Amino acid sequence: MQGCTVCESDNWMTLTMPAVADNLGLARVTVAAFAAAGADFTLEEVEEIKVVVSEGVSNVVLHAYPEVQGQVTISARLLDGVLTVTVADEGRGIEDVQSARQASYTTRKDRMGLGFSFMESFTDGLVVDSAPGEGTEVTMTKAPSAATGNGKESPGD
Amino acid sequence: MGTAVKKTLLHSPIKALVVNGGHTVKVDAYWKGSTAVVKLVGEFDLSAADDFNKTVRAFRQDSRLRQVIVDLQGVSFIDSSGLGALLGRFRELQQEDIELVIAAPSHWAGEILGLAGIDRFINIYPSVEDVPEPEDGEG
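Same order as they appear, the protein sequences are chains E and P.
Residue numbers -17 to 139, in the numbering used here, belong to the letters of the first sequence in order.
Residue numbers 239 to 377, in the numbering used here, belong to the letters of the second sequence in order.
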């Protein structure tokens, strides 16, 4: 195929911004555009990428910096057509990562505790690295279904 | 293309086209009898939840309120913050016997609502017109 010079290689981006809700749209659009331009993601998969970025950054906005204004760094890498997205903060960290990842776990009444569930459902892998006082780093990987053959819409065998 | 047109485009603010200047949703709301129709246009995320919550709570102050229809037709994106706001207001209104329903979600929004199991709590209709009037409504 012509026109995709980075599909079979290595491309990356990093975005650092204040961890505020008004930056969510920018974070989603940036990573989605990066992923769509460099790999064979379907429209639905690009929507899923927007959701997982939104969930990761929303977690930082809501939980990482209870008292001070902090920042969030979103890194994305496309290596041989597979996307890795990392959302990192330098905030207070998560005490019990295993509990936080449970569906319906929430520390706030107006929330559903579905952030990590969506991140798990819409990616092929999710790693949460966190310790109290040492920030949190969430890493997600996603391969286009067209490349893995796992796609729901892939034509019959 | 004439230079005048080009110049106009070049000098128009483009941020509204990209992410709506950070504020990702527009909330329009109106009365329909004893029903409040809350129409959202844009992206329903954490930055939009406040506007939505304030709008619903303002209607809740009015004693004639029997039903809230959240019109999602213009919503191109929703995540767990949007879902949390919907379920939060649903529960709040339920305590006062006021029903909250969802109308016209896009295909993608419908999938997210289904995945989250929201349809087990909140009734979802294909359009605002399809929503039955509230049972004891007078309007």
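Note that beta-carbon positions come from the ideal geometry of N, C-alpha and C, so glycine has one too.
Just so we're clear, the structure is a prediction, and the values are computed from it rather than from any experiment.
Quick check on residue i - is its C-beta less than 7 Å from some C-beta in chain E?
i: SER301 (chain P); result: no
i: SER272 (chain P); result: no
i: LEU351 (chain P); result: no
i: LEU284 (chain P); result: yes
i: ASP289 (chain P); result: no
i: ASP368 (chain P); result: no
i: ALA354 (chain P); result: yes
i: SER319 (chain P); result: yes
Is there at least one Cβ from chain P nearer than 7 Å to residue i's Cβ?
i: SER127 (chain E); result: no
i: PHE100 (chain E); result: yes
i: GLY52 (chain E); result: no
i: LEU25 (chain E); result: no
i: GLY73 (chain E); result: no
Out of the options, which one is the CA nearest neighbour of residue i?
i: GLY326 (chain P); options: P:THR262, P:ASP300, P:LYS292; result: P:LYS292
i: GLU373 (chain P); options: P:PHE359, P:LEU353, P:THR273, P:VAL265; result: P:THR273
i: VAL69 (chain E); options: E:GLY115, E:ASN(-7), E:LEU6; result: E:LEU6
i: ALA82 (chain E); options: E:GLN53, E:VAL33, E:HIS45; result: E:HIS45
i: ARG298 (chain P); options: P:LEU278, P:GLU334, P:VAL308; result: P:GLU334
i: THR(-4) (chain E); options: E:ALA3, E:ALA9, E:VAL2; result: E:ALA9
i: ALA347 (chain P); options: P:LEU321, P:LEU331, P:GLU367; result: P:LEU321
i: THR(-2) (chain E); options: E:ALA58, E:GLY75, E:SER99, E:SER127; result: E:ALA58
i: GLY95 (chain E); options: E:GLN84, E:PHE104, E:SER103, E:THR105; result: E:GLN84
i: GLY20 (chain E); options: E:VAL109, E:LEU60, E:VAL120; result: E:LEU60
Between which two residues does the beta strand (DSSP E) holding residue i run?
i: SER57 (chain E); result: 53 to 61
i: LEU338 (chain P); result: 337 to 341
i: ASN(-7) (chain E); result: -8 to 0
Starting from residue i, trace the alpha helix (DSSP H) both ways and give me its first and last residue.
i: ASN5 (chain E); result: No alpha helix (DSSP H) contains ASN5 (chain E), which DSSP labels as neither H nor E.
Can you list, in chain order, the residues of its chain whose CB lies under 7 Å from that of residue i, leaving out five sequence neighbours each side?
i: GLU77 (chain E); result: PRO114
Looking only at its own chain, which residues have a Cβ that is under 6 Å from the Cβ of residue i, when we skip the five neighbours before and after it?
i: THR12 (chain E); result: LEU(-3)
i: PHE98 (chain E); result: ARG83
i: THR66 (chain E); result: ARG59, THR123
Give me, in chain order, the residues of the same chain whose beta-carbon lies closer than 8 Å to that of residue i; leave out the 5 immediate sequence neighbours on both sides.
i: PRO364 (chain P); result: ALA341, ALA342
i: ALA354 (chain P); result: SER318, LEU321
Starting from the N-terminal side, write out each stretch of the alpha helix (DSSP H) that is 4 residues or longer and does not extend beyond the segment 265 to 329 of chain P. 284 to 298
Every unbroken beta strand (DSSP E) inside the segment 74 to 122 of chain E [3 residues or more]: 107 to 112
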